[in-house]
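Enquirer:
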Amino acid sequence: MMKRSLLFVLTFYVFAISSKGQISITSSIPYYTQDFNGLANSTSSNTWTNNSTLAGWYSNKTSYSAVNSGTASTLYSFGTTSADRALGQITGQNNNERVFFGIRLKNTTGSSVDKILVSYTGEQWYNASQNASTLNFGYLTGASVTSLTTGTYTDPGPGTFNFVSLANNNSAGTLDGNSSTNRKIITAVIQLGTPLANNSEIMLRWSIPNGNQNGVGRQGLGIDDLLVSFGLNNNFRIPNGTIFNDFNVNGFDVTLDGTLNITGALTLTQGIVNTTNNNVLIFNDGATAPGVSNASYVNGPVRKIGNDVFIFPVGKNGKYVPIAISAPGNVGDAFTAEYIPSSGAALGPITSPGLLKVSGCEYWNLERISGNSNVNVTLYWDEDNACTGISDPPSIVVAHFDGVGGSWNSHGGIGAAITTNSGSVTWNNVSQFSPFTLGSTTTFNVLPVHFSNVKVAEKQAGVQVGFTNLTESDIDHYDIERSINSQSFSVIQRIKPEKNNYGVASYTYLDASAFEGKNAYRIKAVETTGKIIYSDIVNITLGVRNRGLSVYAKGGQAHVQIYNLPAGKYQFKVFSSVGQLISVESINHTGGSLSQITSLKSVMAGVYLYYVSGPVEMQKRFVVR
């Protein structure tokens, strides 16, 4: 029995001491695990009490036996040691001897659940020298479910969740259920026809149909290492120490709370598997990852153990962007890979002779975790991935970043099946690991830049716009564009490139004419070829700024000072105290503070009104002496 960590024993203990008839599944811990190690290991008869022997567990039997053989139709605690048990049964011939056992769960997540993941290890501990027996699985939902024998239980497979005996028609006798030949990990997802409402219950049930062969009991079958996870927001959380054999990610996401080991095939059909450095998806020796597309990949680190050729099914932000290794020399070798959609050029300078450019928008972390095997490293590009820009495929190489020296210090590779739209490049016999990215030995490949550090901030009654091009080359100019609705943009400033030497170039601009309220900005880079690249849109909201109007008359002129005036078309008018229009001027203001002088020739002494109209209105009385 491959047991999970102590964490899950403690989790089970907390459930057991707090349960009141069923196990409550919560939103904070939306799964349940059971390793059955709390069962007795005595050969004598043991009392079974529903919801007591194991919290939340039920059976139609009142006792169980802790032996690995027999013809008695009852529950069994199978195992070889006192701390290593499985729950199962041997079913006899007669109809009244059928054995049922199951787990009662209550949905207390606060929302309805329409998908439930069930994973357990089916184990055979006794061979009755018969044809195959099946440990059938089913479920029943309701407001309160306590019976294993009444109600209509549903087979969600059908057959997908059942465990079929693996040793049949040989000499009768006990078996080692921990042996790989006598056990099988079963993992699948129940799609509930009617979602399980909050505070409703579900009973998961196992049973072997009655025997009918000359009065001889059926095979001894049991379950171990059970995991039940409720899909919340179409996402399954998986606890630490879980092992899956074959599993299909199809129509949901998966998030790891610890390590998950795959021993067979993890088929990636529709959905994302989320991992972290501490919660790693591990493919054991011989395990595979079929499927894989932009719709289904691993978002985070993936580890491969063994001596197999392997394509790491990694990606991010809706894109599957793999990295591959050739077969390591030893079965114990392990490599971890992750795709990073950030600038490789930003990691450090290029020092490898002949390497002229590296990608400004992606790299892969590939680490050798154990062993000392050299491997061939393959990187891929595809037109469906925005980070391409390859126009000269023969000059594409694999570039390696030296984490100690802090530079792109080596490169190599030969392309295969190459086009400008898609292809791969392989560097053979790689012995040093850490970040890798696509590089170029010519200047023809764009390896495009995704703008870095595009940001805006309120400053000096305006907005300061800043951005960085991490690998500036072949740029004709940049346009800083502004919008009030994030749809229709206009150019507010044009900037010529400072470097164009594949290096880092940063720029800032103060927009003194920003509007009150929402302002949206983006950067447009125009290459010498005419190609246009846009940055992401960044937003800032400005409140009403302190503004003022100052007017005084001197020497036949009105001296006007206006502070923080928004951009727009304005009219400046002077009226007499009886409303007579004295003068009018029109200007197109670019925003910010403004100084204005208005002629007051032939104006008699008295009180006058200075009136500003446009995007904002202001007025001020002044005296002419």
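Quick note on numbering: the sequence shown equals residues -16 to -1, 1 to 609 in mature numbering (1 follows the signal peptide of the UniProt record, and there is no 0).
Ideal Cβ placement from N, Cα and C applies to all residues, glycine included.
This one's a predicted model, so the numbers in the text were calculated from it and none came from an experiment.
(1) Whose CA, out of S519, S391 and H543, lies closest to the CA of T452?
(2) Answer with buried or exposed for E601, where buried requires no fewer than 16 other C-beta atoms within 10 angstroms of its C-beta.
(3) Tell me whether S103 is buried or exposed, calling it buried when 16 or more other Cβ atoms sit within 10 Å of its Cβ.
(4) Between which two residues does the beta strand (DSSP E) containing F319 stretch?
(5) State buried or exposed for Y48, treating a residue as buried only when at least 16 other CB atoms are found within 10 Å of its CB.
(6) Using the C-alpha atoms, what's the distance from S343 back to T335?
(7) In whole angstroms, what is the alpha-carbon distance linking G199 and A279?
(8) Given this structure, state the Cα-to-Cα distance separating W41 from L59, to the nearest angstrom.
(9) Specify the secondary structure class of S472 as computed by DSSP and reduced to three states.
(10) Only counting the same chain, and skipping five residues up and downstream in sequence, which positions put a Cβ closer than 8 Å to that of R189?
(11) Name the DSSP bridge partner or partners of S61?
(12) S164 by DSSP, collapsed to three states: which one?
(13) Once you ignore the five residues that flank P140 on each side, which residues in its own chain have a CB closer than 6 Å to its CB?
(14) Considering Cα atoms alone, identify which of A249, N261, N291 and E569 is closest to V276.
(15) Output needed for S11: all residues of its chain with C-beta closer than 7 Å, excluding positions within five of it in sequence on either side, in chain order.
(16) May I ask you to report which of helix, strand or coil DSSP gives S43?
(17) Who does K90 pair with in a DSSP beta bridge?
(18) Among I295, N21 and N261, whose alpha-carbon lies nearest the alpha-carbon of I207?
(19) Please classify P223: does DSSP put it in a helix, a strand, or coil?
(20) Could you tell me the alpha carbon to alpha carbon distance between T362 and V409, rounded to whole angstroms?
(21) Can you tell me where the beta strand (DSSP E) with P419 in it begins and where it stops?
(22) Using a Cβ distance threshold of 8 Å, determine whether the region 491 to 506 contacts the region 549 to 561, with at least three qualifying pairs required.
(23) Once DSSP output is grouped into helix, strand and coil, what is the label at S457?
(24) I think V381 touches K439, with their Cβ atoms under 8 Å apart; what is that distance to the nearest whole Å?
(25) My assumption, with CB atoms under 8 Å, is that Y592 sits in contact with V608. Please give the rounded CB distance.
(26) Can you name the start and end residues of the beta strand (DSSP E) that A383 belongs to?
(27) Identify whether P179 lies in helix, strand or coil by the three-state DSSP scheme.
(28) Sort out for me which residues DSSP pairs T158 with in a bridge.
(29) Which of the three DSSP states is assigned to E511 in this structure?
(30) Figure out for me which residue from S567, L526, V562 and R531 has the closest Cα to the Cα of Q541.
(31) According to DSSP, M602 sits in a beta bridge with which residue or residues?
(32) Can you give the Cα-Cα distance for P507 and Y493, rounded to whole angstroms?
(33) Just checking: is the beta-carbon of A308 within a distance shorter than 7 Å of some beta-carbon in chain B?
(34) With the cut-off set at 7 Å, would you say L244 and T272 are in Cβ contact?
(35) In this structure, how does DSSP classify E482 when only helix, strand and coil are distinguished?
(36) With distance defined between alpha-carbon atoms, name the residue in S43, V447, P223 and S61 nearest to L211.
Expert: Taking the geometry as given:
(1) For this step, residue 452 is matched to residue 468 along the sequence shown. With distances taken between Cα atoms, T452 lies closest to S519.
(2) Locating residue 601 in the sequence shown gives position 617, where the first residue counts as 1. That one is exposed.
(3) Counting from 1 along the sequence shown, the entry for residue 103 is found at position 119. It counts as buried.
(4) For the purposes of this step, residue 319 is taken as the residue at position 335 of the sequence shown. Start and end: A318 to I324.
(5) Reading the sequence shown from its first residue, position 64 is the one you call residue 48. By the 10 Å Cβ count, Y48 comes out buried.
(6) On the sequence shown, residue 335 is found 351 positions in, with the first residue counted as 1. On the sequence shown, residue 343 is found 359 positions in, with the first residue counted as 1. When rounded, the distance between both Cα atoms is 15 Å.
(7) Looking up residue 199 in the sequence shown gives position 215. Looking up residue 279 in the sequence shown gives position 295. With a pLDDT of 47 at G199, under the threshold of 50, the modelled position of this residue cannot be trusted; read the value that follows with caution. Going from the Cα of G199 to the Cα of A279 covers about 53 Å.
(8) For the purposes of this step, residue 41 is taken as the residue at position 57 of the sequence shown. For the purposes of this step, residue 59 is taken as the residue at position 75 of the sequence shown. C-alpha separation (whole angstroms): 12 Å.
(9) By 1-based counting over the sequence shown, the position of residue 472 is 488. Of the three classes helix, strand and coil, the one that applies to S472 here is coil, per DSSP.
(10) Taking the first residue of the sequence shown as position 1, residue 189 is located at position 205. Excluding positions up to five away in sequence, the list reads F84, F85, G86, F121, G122, Y123, L124, L132 and Y137.
(11) As a first step, residue 61 is located in the sequence shown; it is residue number 77 there, counting from the start. Answer is L71, bridged to S61.
(12) Sequence index remark: in the sequence shown, residue 164 carries index 180 (1-based). Helix at S164.
(13) In the sequence shown, residue 140 corresponds to position 156, counting from 1. For P140, where only same-chain residues beyond five positions count, the Cβ hits under 6 Å are I174.
(14) One-based indexing of the sequence shown puts residue 276 at position 292. Taking only the C-alpha atoms, the option nearest V276 is A249.
(15) Working through the sequence shown from its first residue, we reach residue 11 at position 27. Taken in chain order, the residues that qualify are T93, G94 and L216.
(16) Your numbering for residue 43 matches position 59 in the sequence shown. S43: strand per DSSP, three-state reduction.
(17) Here residue 90 refers to the residue found at position 106 of the sequence shown. BP columns for K90 point to S8 and E185.
(18) As a position in the sequence shown, residue 207 is number 223, starting the count at 1. Checking every option, the nearest Cα to that of I207 belongs to N21.
(19) For this step, residue 223 is matched to residue 239 along the sequence shown. Note: P223 maps to coil in three-state DSSP.
(20) One-based indexing of the sequence shown puts residue 362 at position 378. One-based indexing of the sequence shown puts residue 409 at position 425. Each residue's Cα considered, the two are about 6 Å apart.
(21) Stepping through the sequence shown from its first residue, residue 419 is reached at position 435. Start and end: S418 to S424.
(22) yes
(23) If you number the sequence shown from 1, residue 457 lands on position 473. Residue state, collapsed to three classes: coil.
(24) Here residue 381 refers to the residue found at position 397 when the sequence shown is read from its first residue. Here residue 439 refers to the residue found at position 455 when the sequence shown is read from its first residue. With 8 Å as the limit, V381 and K439 do not qualify as a contact, their Cβ atoms being about 33 Å apart.
(25) Position 608 of the sequence shown, counted from the start, is the residue given in the question as residue 592. Position 624 of the sequence shown, counted from the start, is the residue given in the question as residue 608. 6 Å between Cβ atoms; contact.
(26) Translated into the one-based positions of the sequence shown, residue 383 becomes position 399. That run of the beta strand (DSSP E) goes I380 to D386.
(27) On the sequence shown, residue 179 is found 195 positions in, with the first residue counted as 1. In the structure shown, P179 sits in a strand (DSSP, three-state: E or B).
(28) Translated into positions along the sequence shown, residue 158 becomes position 174. Answer is Y110, bridged to T158.
(29) For the purposes of this step, residue 511 is identified with residue 527 of the sequence shown, where counting begins at 1. Correct three-state label for E511: strand.
(30) Counting from 1 along the sequence shown, the entry for residue 541 is found at position 557. That would be S567, whose Cα lies nearest to the Cα of Q541.
(31) Indexing the sequence shown from 1 puts residue 602 at position 618. The partner list for M602 (beta bridge, DSSP) reads V596.
(32) In the sequence shown, counting from the first residue as 1, residue 507 sits at position 523. In the sequence shown, counting from the first residue as 1, residue 493 sits at position 509. With the sequence shown as reference, residue 507 is identified as Ile, and Pro is not the correct amino acid for it. If you take the alpha carbons of I507 and Y493, they lie about 11 Å apart.
(33) Among the protein chains of the structure shown there is no chain B, as only one such chain exists.
(34) Along the sequence shown, one-based indexing puts residue 244 at 260. Along the sequence shown, one-based indexing puts residue 272 at 288. For L244 and T272, no; Cβs fall outside 7 Å.
(35) As a first step, residue 482 must be located in the sequence shown, where it is residue number 498. Coil.
(36) Against the sequence shown, residue 211 aligns to sequence position 227. Among S43, V447, P223 and S61, the Cα nearest to that of L211 is on P223.
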